[in-house]
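Here is the structure we will look at, set down as structure tokens.
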């Protein structure tokens, strides 16, 4: 939002997924939509303004320490990093392809877009 953290991605984006797990809901304020990008294809400028915290033993989340914008989902043991779709400055030319962790979704909304829904990650 504020521009203190910027990133570029040097590959085509995979279709994003919508995660309804408790951690994503608490981190984002609703459910979270993001895409997984190979680490080697992401360049972050202003990385000193990213605050990381572990939301579980296997995953850390990154947000801008200046404005609080949630940006990254990072499982350090994986070859990729997740980027929240709302963090992109430009049109992404992608469309969500599925919903995961729907058993944990909030009770205040329904999923009605016709995309596949999974209890966990397929």
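Numbering (full-length UniProt numbering), first residue to last: 1 to 122. Think of the CB as a built atom: it goes at the ideal place given N, C-alpha and C, for glycine as much as any other residue. This one's a predicted model, so the numbers in the text were calculated from it and none came from an experiment.
Kindly examine the ligand GDP and report whether one of its heavy atoms sits closer than 7 Å to the Cβ of residue i.
i: residue 63; result: What this structure holds is no ligand at all, so the ligand GDP is not there to describe.
For the beta strand (DSSP E) holding residue i, just list the boundary residues, first then last.
i: residue 24; result: It is not in any beta strand (DSSP E) - residue 24 instead sits in the alpha helix (DSSP H) that spans 22-28.
Among the options, which one has its Cα closest to the Cα of residue i?
i: residue 116; options: 104, 108, 98; result: 98
i: residue 29; options: 19, 3, 43; result: 19
i: residue 15; options: 105, 118, 92, 122; result: 92
i: residue 43; options: 95, 107, 8; result: 8
i: residue 54; options: 27, 38, 107, 94; result: 27
i: residue 114; options: 73, 96, 105; result: 96
i: residue 6; options: 110, 76, 67; result: 67
i: residue 22; options: 76, 56, 11; result: 56
i: residue 49; options: 71, 41, 34; result: 71
i: residue 36; options: 81, 3, 89, 87; result: 81
i: residue 1; options: 10, 62, 87, 52; result: 87
i: residue 40; options: 52, 58, 10; result: 10
i: residue 12; options: 52, 94, 3, 85; result: 94
Are there 16 or more other CB atoms within 10 angstroms of the CB of residue i, so buried, or fewer, so exposed?
i: residue 78; result: exposed
i: residue 32; result: buried
i: residue 24; result: buried
i: residue 64; result: buried
i: residue 105; result: buried
i: residue 83; result: buried
i: residue 112; result: exposed
i: residue 62; result: buried
Kindly give me the distance between the Cβ atoms of residue i and residue j, rounded to whole angstroms, as I take these residues to be in contact under 8 Å.
i: residue 100; j: residue 17; result: 6 Å
i: residue 76; j: residue 60; result: 7 Å
i: residue 73; j: residue 34; result: 6 Å
| query | Which residue spans inside the UniProt domain "CENP-V/GFA" (1-110) form an unbroken beta strand (DSSP E) run of at least 3? | reply | Taking only runs of at least 3 residues, the beta strand (DSSP E) segments lying wholly in the UniProt domain "CENP-V/GFA" (1-110) are 6-9, 17-19, 32-38, 42-45, 50-54, 60-64, 70-74, 80-84, 98-100.
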